[in-house]
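For the sequence shown, the numbering used here gives the first residue as 4, with consecutive numbering after it. Ideal Cβ placement from N, Cα and C applies to all residues, glycine included. One structure is given here, and the rest of the page talks about it.
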Amino acid sequence: MNPGFIGYLANLCQVAEVAPGVAKSIVQELADQRQNLKLIASENYCSLATQLAMGNLLTDKYAEGIPLHRFYAGCDNVDAIEAYACEQVKTLFGCEHAYVQPHSGADANLIAYWAILQTRVEMPALRELDVKDPSKLSQDDWNAIRSKLGNQRLLGMDYYSGGHLTHGYRHNVSAMMFDAYTYGVDKASGLLDYDALEQQAKEVKPLILLAGYSAYPRAIDFRRLRAIADAVDAVLMVDMAHFAGLVAGGVFEGDYNPMLHAHVVTSTTHKTLRGPRGGLVMCASEFAEAVDKGCPLVIGGPLPHVIAAKAVAFTEANSPEFKTYAQAVQRNAGVLAQACVDEGLDVATGGTDNHLMLINVTGFGITGRQAESALRECGITLNRNSLPYDPNGPWYTSGLRIGTPGVTTLGMGESEMREIAAVLKLVLSNMTPNTIESGPNAGKLSKAKYSIDPHAHDEARARVTALLDRFPVYPELDLPFLLEHFGAS
Ligand code: DSN
């Protein structure tokens, strides 16, 4: 029996003894992922070693502080794991400093923001006042520093141009802690306009120029961004959550490698990097002391079991096989985007440089929401996404976001990408929006309800099943056995 399967089985037996419904849902999630092709650009399949590293007694341990400097006794083994994880990150990305405790990318960004505020705003203010011990500050001086901290500018990529919610989006805390400005993509090309950004940076004069995206299909010239940041004395921060695996795997090099140009880089660990769900901060030594205080700055305590899983995943990412994987992710994305173009689909910017692409589905008379639902019915899991300047807004959207990290982990290659493009076309071109029957919008076309030709539906479902049968999700796991023992309704 495969060791990964033995580990899973033991885990599920224990879970089922206490909460059989939870064990059943875990097995049914495996069944779901075996039956549905994952094209969500931000998801992946981490290794069983990574998953199993999270399921142990490390979750019982408190370990505030950093290795060899903890606020709890008995942290020797957590120290060893966390120090090892940090070393793996430094080898992987070539950074001066690594902090592996953030629970998520959002936490990592908050820690990075405050580390920059403390290093570039609070510490100079304290030096100016010649204050060695901040606890001795007068209330007036502290109020003046708080006012400075609360009035800094952030210039990040607009959410509707592909930036992330935590990059200054109106409803995120980042837009409340900063005076937040955003830059977008060029309306005609859909590409970043570096000249316009330079002009905007000169006008805004931000403390932080922030780059990174959740839905931008092109490589970013970080050398250029660093020059823009330097010209306005801003800190260049890059959130590489989406493309960290492409950086780790050497796909993004030189001008396109943020590690060579940014002061502070954040990431998640579970997207192209293929680790457990979590966050990560890397920085120049100038910011290291403040970043290491991420707990208690933002987080209440590290998650040692997740840090163990990160350590396993970083070890995997340091292997030559991971380079091959990262290159295949990008190659598959390029082939899929071109195949979509060849099928007549409207691919934003005409293609991709990374692991994701955006498709405008409005040419089929439907919204992104309708396309997402119909594709899921046919066995393809992906998400709708607004396009820049989207008239359908963020709920219905005009677009789909498609990524190749997951299907590449399954081992799919160029011919499978062409098959996926053909299935996408088959479904999208056989959909019609329903007419709203009653209420104030009666007679108008629905943005949510649709019909799909049943023959196209069945053919698409069969083609997806054929693909997944050839490239099963977690092939080490004996699904029929697990369903028989844990999954019965
Ligand atoms: N939710 C992630 C994504 O899908 O891109 C980003 O946090």
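Task: ligand 1 heavy atom lying under 7 Å from the CB of L174 - done: Counted from its first residue, the sequence shown places residue 174 at position 171. The sequence given here has His at residue 174, not Leu. Not under cutoff, so the answer is no.
Task: Inside the stretch 223–302 only - beta strand (DSSP E) runs reaching at least 3 residues - done: 238–242, 267–271, 282–286, all fully within the stretch 223–302.
Open item on the list: Need the endpoints of the beta strand (DSSP E) that L359 sits in, please.
Closed with: The residue you call residue 359 lines up with position 356 of the sequence shown. Note, L359: beta strand (DSSP E), 359–363.
Task: Beta-carbon separation (whole angstroms), V294 vs A118, contact threshold 8 Å - done: The residue given as residue 294 occupies position 291 in the sequence shown. The residue given as residue 118 occupies position 115 in the sequence shown. Between the beta-carbon of V294 and that of A118 there is about 5 Å, and that keeps the pair under the 8 Å contact cut.
TODO: Express the C-alpha separation of H170 and Y116 in angstroms, rounding to a whole number.
DONE: Taking the first residue of the sequence shown as position 1, residue 116 is located at position 113. Taking the first residue of the sequence shown as position 1, residue 170 is located at position 167. Computed Cα separation, rounded: 10 Å.
TODO: Quick one: give me the first and last residue of the alpha helix (DSSP H) that S449 is part of.
DONE: Looking up residue 449 in the sequence shown gives position 446. No alpha helix (DSSP H) holds S449; the beta strand (DSSP E) holding it covers 448–455.
- [ ] Using 7 Å as the cut-off, classify the Cβ of G337 as near or not near the heavy atoms of ligand 1, replying yes or no.
- [x] The residue labelled residue 337 in the question sits at position 334 within the sequence shown. No, the Cβ of G337 stays beyond 7 Å of every heavy atom of ligand 1.
TODO: Could you say if the stretch 39–50 and the stretch 272–283 meet the contact criterion of at least three C-beta pairs nearer than 8 Å?
DONE: Yes: the two stretches touch, three or more of their Cβ pairs being nearer than 8 Å.
Open item on the list: Taking only three categories from DSSP, how would you classify V350?
Closed with: Within the sequence shown, residue 350 is the residue found at index 347, counting from 1. In the structure shown, V350 falls within a strand segment according to DSSP collapsed to helix, strand and coil.
TODO: Under 8 Å by Cβ, that's how I've got M434 and A342 pegged, so tell me the actual separation to the nearest angstrom.
DONE: Mapped onto the sequence shown, residue 434 falls at position 431. Mapped onto the sequence shown, residue 342 falls at position 339. Contact flag wrong, Cβ pair sits at about 20 Å.
Task: Nearest residue (CA-CA) to T122, options N321, F96, V238 - done: Taking the first residue of the sequence shown as position 1, residue 122 is located at position 119. Nearest option by C-alpha distance: V238.
TODO: Helix, strand or coil for T318, going by three-state DSSP, please let me know.
DONE: As a working mapping, residue 318 is identified with position 315 in the sequence shown. Helix at T318.
TODO: Tell me, to the nearest whole angstrom, how far the beta carbon of L403 is from that of Q333; I am working on the premise that it is less than 8 Å.
DONE: For the purposes of this step, residue 403 is taken as the residue at position 400 of the sequence shown. For the purposes of this step, residue 333 is taken as the residue at position 330 of the sequence shown. Going by Cβ atoms, the distance from L403 to Q333 rounds to 19 Å, so no, they are not a contact pair.
Task: Cβ neighbour criterion (16 or more within 10 Å) applied to P394 - done: Along the sequence shown, read from residue 1 onward, the residue named residue 394 stands at position 391. Exposed is the call here.
Task: Beta-carbon proximity of G489 to V124, cut-off 8 Å - done: Numbered from 1 along the sequence shown, position 486 holds the residue referred to as residue 489. Numbered from 1 along the sequence shown, position 121 holds the residue referred to as residue 124. The sequence as given places Phe at residue 489; Gly does not occur at that position. For F489 and V124, no; Cβs fall outside 8 Å.
- [ ] Express the C-alpha separation of I310 and Y75 in angstroms, rounding to a whole number.
- [x] Working through the sequence shown from its first residue, we reach residue 75 at position 72. Working through the sequence shown from its first residue, we reach residue 310 at position 307. Near 17 Å, if we compare the C-alpha coordinates of I310 and Y75.
Open item on the list: Any heavy atom of ligand 1 inside 7 Å of the beta-carbon of G108?
Closed with: Within the sequence shown, the letter at position 105 stands for residue 108. At a threshold of 7 Å, G108 counts as near ligand 1, since its beta carbon sits closer than that to one of the ligand's heavy atoms.
Open item on the list: Please state whether the Cβ-Cβ distance between L339 and L361 is less than 8 Å.
Closed with: Locating residue 339 in the sequence shown gives position 336, where the first residue counts as 1. Locating residue 361 in the sequence shown gives position 358, where the first residue counts as 1. In this structure, L361 does not lie closer than 8 Å to L339 by Cβ.
TODO: Return the first residue and the last residue of the beta strand (DSSP E) that G304 is part of.
DONE: What you label residue 304 is simply residue 301 of the sequence shown in a count that begins at 1. Taken as a continuous stretch (DSSP letters only), G304 belongs to no beta strand (DSSP E), as it is neither H nor E.
Open item on the list: Check for me: the beta strand (DSSP E) holding H488 runs from which residue to which?
Closed with: Here residue 488 corresponds to residue number 485 of the sequence shown, with the count starting at 1. Judged by DSSP secondary structure, H488 falls outside any beta strand (DSSP E) and instead within the alpha helix (DSSP H) spanning 482–489.
Open item on the list: Suppose contacts are defined by Cβ-Cβ distances below 8 Å. Is G10 in contact with L55 by that definition?
Closed with: By 1-based counting over the sequence shown, the position of residue 10 is 7. By 1-based counting over the sequence shown, the position of residue 55 is 52. The answer is yes: Cβ separation under 8 Å.
Open item on the list: For ligand 1, is there any heavy atom lying closer than 7 Å to the beta carbon of S45?
Closed with: Residue mapping note: residue 45 aligns to position 42 of the sequence shown, counting from 1. Result yes, Cβ under 7 Å from ligand 1.
TODO: Look at the Cβ atom of V241, then the Cβ atom of F255, and state whether they are nearer than 8 Å.
DONE: As a first step, residue 241 must be located in the sequence shown, where it is residue number 238. As a first step, residue 255 must be located in the sequence shown, where it is residue number 252. No.
Open item on the list: Per the DSSP calculation, R73 is bridged to which residue(s)?
Closed with: Here residue 73 is taken as the residue at index 70 of the sequence shown, counted from 1. Looking at the DSSP assignment, R73 forms a beta bridge with G68.
- [ ] Taking only heavy atoms of ligand 1 into account, decide whether any of them is closer than 7 Å to the Cβ of H167.
- [x] Residue numbering aside, residue 167 sits at position 164 when the sequence shown is read from its first letter. Yes, the Cβ of H167 comes within 7 Å of a heavy atom of ligand 1.
TODO: Give the range of the alpha helix (DSSP H) segment to which A183 is assigned.
DONE: Numbered from 1 along the sequence shown, position 180 holds the residue referred to as residue 183. Taken as a continuous stretch (DSSP letters only), A183 belongs to no alpha helix (DSSP H), being part of the beta strand (DSSP E) at 182–186.
- [ ] Just list the alpha helix (DSSP H) runs in the stretch 62–136, keeping only unbroken ones of 4 residues or longer that don't cross its boundaries, in chain order.
- [x] 79–96, 108–120, 126–131
TODO: State buried or exposed for L60, treating a residue as buried only when at least 16 other CB atoms are found within 10 Å of its CB.
DONE: Within the sequence shown, numbered from 1, the residue matching residue 60 stands at position 57. Burial call: exposed.
- [ ] Rank D63, Y453, T412, L33 by C-alpha distance to the C-alpha of G278 and give the top, closest one.
- [x] Numbered from its first residue, the sequence shown carries residue 278 at position 275. It is T412 whose Cα lies nearest to the Cα of G278.
Task: Cβ shell of L42 (< 8 Å), same chain only, five flanking positions each side left out - done: Reading the sequence shown from its first residue, position 39 is the one you call residue 42. Hits under 8 Å: I383, T384, L385, I405, G406, T407, G409, V410, I423.
Task: Beta-carbon spacing of G371, N388 below 8 Å - done: Indexing the sequence shown from 1 puts residue 371 at position 368. Indexing the sequence shown from 1 puts residue 388 at position 385. Taking 8 Å as the Cβ cut-off, G371 and N388 qualify as a contacting pair.
Open item on the list: I'd like to confirm the pairing. Which residues does DSSP put opposite N388 in its beta bridges?
Closed with: As a working mapping, residue 388 is identified with position 385 in the sequence shown. Paired residue(s): G402.
TODO: Using 7 Å as the cut-off, classify the Cβ of S217 as near or not near the heavy atoms of ligand 1, replying yes or no.
DONE: Here residue 217 is taken as the residue at index 214 of the sequence shown, counted from 1. Yes; taking the cut-off as 7 Å, the Cβ of S217 has a heavy atom of ligand 1 nearer than that.
Open item on the list: Let me check understanding here. Comparing Cα to Cα, which of Q38, E292, E375, Q202 lies closest to I69?
Closed with: Here residue 69 refers to the residue found at position 66 of the sequence shown. Of Q38, E292, E375, Q202, the residue nearest in Cα terms is E292.
Task: Cβ neighbours of E131 in the same chain (closer than 7 Å, five flanking residues each side left out) - done: Numbered from its first residue, the sequence shown carries residue 131 at position 128. Closer than 7 Å at the Cβ level, and outside the excluded window around E131, lies no residue.
- [ ] Check whether the Cβ atoms of L157 and Q203 lie closer than 8 Å to each other.
- [x] Locating residue 157 in the sequence shown gives position 154, where the first residue counts as 1. Locating residue 203 in the sequence shown gives position 200, where the first residue counts as 1. Cβ atoms of L157 and Q203: not closer than 8 Å.
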